[in-house]
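Accompanying notes for the structure given below.
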DNA sequence: ATTTTGTTTCGTTATTTGACGAAATACTAA
DNA sequence: TTAGTATTTCGTCAAATAACGAAACAAAAT
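Chains as they are written, first to last, in my numbering: chain A, 5 to 106; chain B, 5 to 106.
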């Protein structure tokens, strides 16, 4: 039997994965917020104040960014300090750079 | 009455819109294909041959990229020649560049 | 031991997405 | 006029997403 193969590369898959994670304005906002405040501690509540959504919804968006590897949360009870994951950030930047400039 | 405002910028919305359009490996594949073959005519069927999905499914992905403005189709019966929309491409590149480098 | 606090998880709901095959479209060739 | 061709649209379905409020958690303060 001939099985149709997956025909996209792992680069394409990774690019799509990061793109998907950034495919909602709230998540772009979160990333912008974390970059702008990279020197400070960023808590979920700080972002919640600036967004018109429920805290539970924000929490879901944070989880998606975490699952995509773009951010990480450091527990500092009862807070959780969020920051971008530098390694993934650099990888994502590289993928988009490759995608757009060639 | 106080209505909670939209708190993300139009830049964030546009970035998310493009990111969402690129949030599937098939669509990244399509964009890669169109860039790589920018000098040739690119037909839906050419891409269909390299992908493990139904033609109707591919057509839907093409529509999504078209709706996001990233590609355009020039009718050349019974073919449709696809190519990237340079204007949107440049805008998207600019948005991601701004997003990642600042 | 109880309460308070910031955050997440759960349960639910409505909408969107991704996939397929069948049917429609629109033009060309016979 | 009929048949053929490349592609899209339609109808359907299952799965994923986005949203909410209520409930659960985990540590700190009372």
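All C-beta atoms, glycine included, are put in the ideal place defined by N, C-alpha and C.
query, result
"Contacting residues, own chain, Cβ-Cβ under 8 Å from residue 46/B (five flanking each side not counted)", "37, 38, 85, 86, 87"
"Span separating the alpha-carbon of residue 64/A from that of residue 20/A", "20 Å"
"Segment limits, beta strand (DSSP E) that includes residue 78/B", "75-80"
"Member of 54/B, 78/B, 16/B, 42/B whose CA lies at the smallest distance from the CA of residue 13/A", "54/B"
"Candidates 62/A, 60/A, 95/A, 70/A, of which the one nearest residue 25/A by Cα", "70/A"
"Limits of the unbroken beta strand (DSSP E) element including residue 44/A", "Unbroken run through residue 44/A: none, as it is neither H nor E."
"Residues that DSSP places opposite residue 108/A in a beta bridge", "In the structure displayed, chain A extends from 5 to 106; residue 108/A sits before or after that span and is not available."
"Beta-carbon gap between residue 74/A and residue 48/A smaller than 8 Å", "no"
"Bridge-paired residues (DSSP) for residue 85/B", "47/B, 78/B"
"Length-filtered (4 minimum) alpha helix (DSSP H) runs lying within the segment 11-35 of chain B", "14-25"
"Environment of residue 34/B [buried if 16+ CB atoms lie within 10 Å]", "buried"
"Enclosing alpha helix (DSSP H) for residue 62/B [first to last residue]", "59-71"
"Burial state of residue 82/B, where buried means 16 or more other Cβ atoms lie within 10 Å", "exposed"
"As assigned by DSSP and simplified to three states, the class of residue 97/B", "helix"
"Neighbouring residues, chain A, relative to residue 61/B (Cβ below 9 Å)", "The premise fails here: residue 61/B is roughly 12 Å from chain A at the closest Cβ pair, so nothing lies under 9 Å."
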